[in-house]
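Engineer:
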Amino acid sequence: MANLKVNYCGVEFKNPIVTASGTFGFGYEYNEYAPLDEYGGIASKGLTRRPRGGNKPPRIAETPSGILNSVGLQNPGVEVFAEYIMPGLSEQFDTNVIANMSGNTIEEYVEMAEILSETDAAIIEMNISCPNVKHGGMAFGTDAAVVEKLTAEVKKHSQKPLVVKLSPNVTSITEIARAAEAGGADGLSLINTLFGMRIDINTRRPILANNTGGLSGPAVRPVAIRMVNEVYRAVKLPIIGMGGAVSGADVIEFMLAGARLVALGTGLFAKPDLIFDVKRDILAYMERFKIDDINSIVGAVELNQA
Ligand SMILES: Cc1cc2nc3c(=O)[nH]c(=O)nc-3n(C[C@H](O)[C@H](O)[C@H](O)COP(=O)(O)O)c2cc1C
54 MANLKVNYCG VEFKNPIVTA SGTFGFGYEY NEYAPLDEYG GIASKGLTRR
104 PRGGNKPPRI AETPSGILNS VGLQNPGVEV FAEYIMPGLS EQFDTNVIAN
154 MSGNTIEEYV EMAEILSETD AAIIEMNISC PNVKHGGMAF GTDAAVVEKL
204 TAEVKKHSQK PLVVKLSPNV TSITEIARAA EAGGADGLSL INTLFGMRID
254 INTRRPILAN NTGGLSGPAV RPVAIRMVNE VYRAVKLPII GMGGAVSGAD
304 VIEFMLAGAR LVALGTGLFA KPDLIFDVKR DILAYMERFK IDDINSIVGA
354 VELNQA
C-alpha cells in the first residue's frame, strides 16, 4: 500500500490534503458531503481576538476560473473557538486542526497564540496577509522587518508549531519567507488571495461593497506554484501549498513544486466532496509512476537550465 502519511512540523498527517482557511467553515458544514476524517487536516475559519461580523455584502464576485471575496474575517472570535468549537472537533473527528488567526496588533496575535496553545489544535497558522481588513493583515505581511519581529514575538508565546501564512501581494515572496524563518517560524503556508477588483459596467460601481477583494481559485494556481517553488528553494521550512488546487493532479503539482501539505479551498465550493476524487487520483499517479511514498515527490521538480 502506497504511503500517504506526511510528517509536518512534528505532527503526523494521514495524508497531505488539508483545507484552506475561510473556505471550510469549522468543518461541520462539509462533514455530510465527505467525512472530515478523510483529510489529513482541516483549517479553521480565520479567527480574531474578538468576534467579527465581516464586511458588508456583496462579498463575493465570480471571475473567470476563480472568485473574488471580501468576507472580512467574519468569525465568533478565538475564545468561542477555544471553548466551544475546538473541543467538539477533536471529540468527533480524527483529523488535525490547523487554527488560523489574524490580528490587528502584535499583542492580539500573542494573546490568540496563548489561547490556542491551550486547545487541541495541532498547529497555529498565522495569517499576516488578509487583504480585506482595513487596519490589519496587509501591513504585517508586506514588510520583512515586521514579519520577523511579529513571528519572533508570537513564537515565544506559542506552545504549538507556528506556521506563517504568506501574501502573494508582495514584490519578493522569498524576502518575506526568509524573514519568517529568521523570526523562528516552524512552517510556511502560501498563497493567500491575490488583490483584485471587479466593476459592474452598467452601474459603474465595484461589484464588491468593499470595492476590492481577494482572488482565489484555479486562476491563481500558476502564481501559487511559482511562489511555492521559489520559497521552497529559499528556505528550509516545510510548506503548505494552496491556491486553486481542484484535483489530484493539482495536489501533485504543488508537491513537486515543494509543498509537503496541500490545501483545497475554493474548489470545495463547486465540489464539496472533492477529497474523494483527489485521493483516488493521487493513488493512481503513485501507482503509475511506482511511487511508494508520497514524501519522495516533495520538491522533486527538475528545473530546466537557462
Ligand atoms: C471566501 C474565502 C475566505 C477566506 N478566508 C481566509 C481566512 O480567514 N484566513 C486565511 O488565512 N485565508 C483565507 N482565505 C484564503 C484561502 O485560505 C486560500 O489561501 C486562498 O483562497 C487560495 O486557495 P484556493 O484558491 O484553493 O481557495 C479565504 C479564501 C476565500 C475564498
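The sequence shown begins at 54 in the working numbering and counts up one residue at a time.
Just so it is clear, CB atoms sit at the ideal spot from N, CA and C, and this is done for glycine as well.
With DSSP as the reference, please indicate the residues paired to Met250 in a beta bridge.
Structural biologist: Along the sequence shown, read from residue 1 onward, the residue named residue 250 stands at position 197. In the DSSP output, where bridge partners are listed per residue, Met250 has Thr265.
Engineer: In three-state terms, what does DSSP make of Met339?
Structural biologist: Counting from one through the sequence shown, the residue named residue 339 turns up at place 286. In this structure, Met339 counts as helix in the three-state DSSP scheme.
Engineer: When DSSP builds the beta bridges, which residues end up paired with Tyr137?
Structural biologist: Position 84 of the sequence shown, counted from the start, is the residue given in the question as residue 137. Tyr137 pairs with nothing; no bridge assigned.
Engineer: Tell me the residue span of the alpha helix (DSSP H) that contains Gly301.
Structural biologist: Working through the sequence shown from its first residue, we reach residue 301 at position 248. First-last of the alpha helix (DSSP H) with Gly301: Gly301 to Ala310.
Engineer: Can you tell which of Arg286, Asn180 and Val331 has its C-alpha closest to the C-alpha of Glu355?
Structural biologist: What you label residue 355 is simply residue 302 of the sequence shown in a count that begins at 1. The shortest C-alpha separation from Glu355 is found at Arg286.
Engineer: Is it true that the CB of Val216 sits closer than 9 Å to the CB of Ser182?
Structural biologist: For this step, residue 182 is matched to residue 129 along the sequence shown. For this step, residue 216 is matched to residue 163 along the sequence shown. Taking 9 Å as the Cβ cut-off, Ser182 and Val216 do not qualify as a contacting pair.
Engineer: Could you tell me whether the region 245-255 touches the region 265-272, where touching means 3 or more Cβ pairs closer than 8 Å?
Structural biologist: Flag = yes, the region 245-255 and the region 265-272 touch.
Engineer: Nearest to Ala238 by alpha carbon, out of Gly318, Thr195 and Ile176?
Structural biologist: Locating residue 238 in the sequence shown gives position 185, where the first residue counts as 1. Checked all of Gly318, Thr195 and Ile176; the closest Cα to Ala238 is Ile176.
Engineer: Are the region 255-264 and the region 273-285 touching by the rule of at least three beta carbon pairs closer than 8 Å?
Structural biologist: No, they do not touch.
Engineer: Could you check if Glu160 is buried or exposed, using at least 16 other CB atoms within 10 Å of its CB as the buried criterion?
Structural biologist: For the purposes of this step, residue 160 is identified with residue 107 of the sequence shown, where counting begins at 1. Label assigned to Glu160: exposed.
Engineer: CB-CB under 6 Å to Glu228, same chain, minus the five flanking residues each way: which ones, in chain order?
Structural biologist: On the sequence shown, residue 228 is found 175 positions in, with the first residue counted as 1. Excluding residues within five positions, the ones whose Cβ falls inside 6 Å are Ala197.
Engineer: Below 6 Å CB to CB, which residues in the same chain sit around Lys187 once its five sequence neighbours on both sides are set aside?
Structural biologist: Counted from its first residue, the sequence shown places residue 187 at position 134. The predicted position of Lys187 is uncertain, since its pLDDT is 49 and thus under 50; a value taken from the coordinates is nonetheless stated next. Cβ within range, chain order: n/a, list empty.
Engineer: Going by C-alpha distance, which of Val276, Asn348 and Arg257 is nearest Val223?
Structural biologist: Position 170 of the sequence shown, counting from 1, holds the residue named residue 223. The residue with the shortest Cα to Cα distance from Val223 is Val276.
Engineer: CA-CA distance, Val71 and Ile113?
Structural biologist: Sequence index remark: in the sequence shown, residue 71 carries index 18 (1-based). Sequence index remark: in the sequence shown, residue 113 carries index 60 (1-based). Approximately 23 Å, taken between the alpha carbons.
Engineer: May I have the straight-line CA-CA distance separating Thr246 from Gly296, to the nearest angstrom?
Structural biologist: Numbered from 1 along the sequence shown, position 193 holds the residue referred to as residue 246. Numbered from 1 along the sequence shown, position 243 holds the residue referred to as residue 296. Looking at the two C-alpha atoms, the distance is approximately 8 Å.
Engineer: Leaving out the 5 sequence neighbours to the left and right, which residues in its chain are closer than 7 Å to Asn108 when beta-carbon positions are compared?
Structural biologist: Position 55 of the sequence shown holds residue 108. These residues qualify, in order along the chain: Ser123, Val124, Gly125, Asn185, Ala262 and Asn263.
Engineer: Out of Ala233, Arg102, Ile292 and Asn348, which has the shortest C-alpha to C-alpha gap to Pro129?
Structural biologist: Start at 1 with the first residue of the sequence shown, and residue 129 comes out as number 76. Minimum Cα distance to Pro129 is reached at Arg102.
Engineer: Work out the CA separation of Glu164 and Lys332 for me, nearest whole Å.
Structural biologist: Within the sequence shown, residue 332 is the residue found at index 279, counting from 1. Within the sequence shown, residue 164 is the residue found at index 111, counting from 1. Straight-line Cα distance between these residues: approximately 37 Å.
Engineer: Taking Cβ positions, are Leu142 and Met154 nearer each other than 9 Å?
Structural biologist: In the sequence shown, counting from the first residue as 1, residue 142 sits at position 89. In the sequence shown, counting from the first residue as 1, residue 154 sits at position 101. No; because the gap between Cβ atoms is not below 9 Å, this pair is not in contact.
Engineer: Kindly give me the distance between the Cβ atoms of Leu317 and Ala337, rounded to whole angstroms, as I take these residues to be in contact under 8 Å.
Structural biologist: One-based indexing of the sequence shown puts residue 317 at position 264. One-based indexing of the sequence shown puts residue 337 at position 284. Contact flag wrong, Cβ pair sits at about 18 Å.
Engineer: Whose C-alpha, out of Pro88, Ala323, Pro69 and Gln145, is nearest the C-alpha of Gly119?
Structural biologist: The residue you call residue 119 lines up with position 66 of the sequence shown. Comparing Cα positions, the closest option is Ala323.
Engineer: At which residues does the beta strand (DSSP E) containing Phe66 begin and terminate?
Structural biologist: Position 13 of the sequence shown, counted from the first residue, corresponds to residue 66. Per DSSP, Phe66 belongs to the beta strand (DSSP E) from Val64 to Phe66.
Engineer: Looking only at its own chain, which residues have a Cβ that is under 6 Å from the Cβ of Lys343, when we skip the five neighbours before and after it?
Structural biologist: To locate residue 343, count along the sequence shown from 1; it is residue 290. Cβ neighbours of Lys343 beyond the five flanking positions: none.
Engineer: Taking Cβ to Cβ, would you say Gly75 is nearer than 9 Å to Phe146?
Structural biologist: The residue labelled residue 75 in the question sits at position 22 within the sequence shown. The residue labelled residue 146 in the question sits at position 93 within the sequence shown. No.
Engineer: Under 6 Å Cβ to Cβ from Leu57, same chain only, skipping five residues before and after it: list those, please.
Structural biologist: Position 4 of the sequence shown holds residue 57. The residues are Asn68 and Ile347.
Engineer: Under the criterion of a Cβ to heavy atom distance below 8 Å, does Gly80 qualify as lining ligand 1?
Structural biologist: The residue given as residue 80 occupies position 27 in the sequence shown. No, the Cβ of Gly80 stays beyond 8 Å of every heavy atom of ligand 1.
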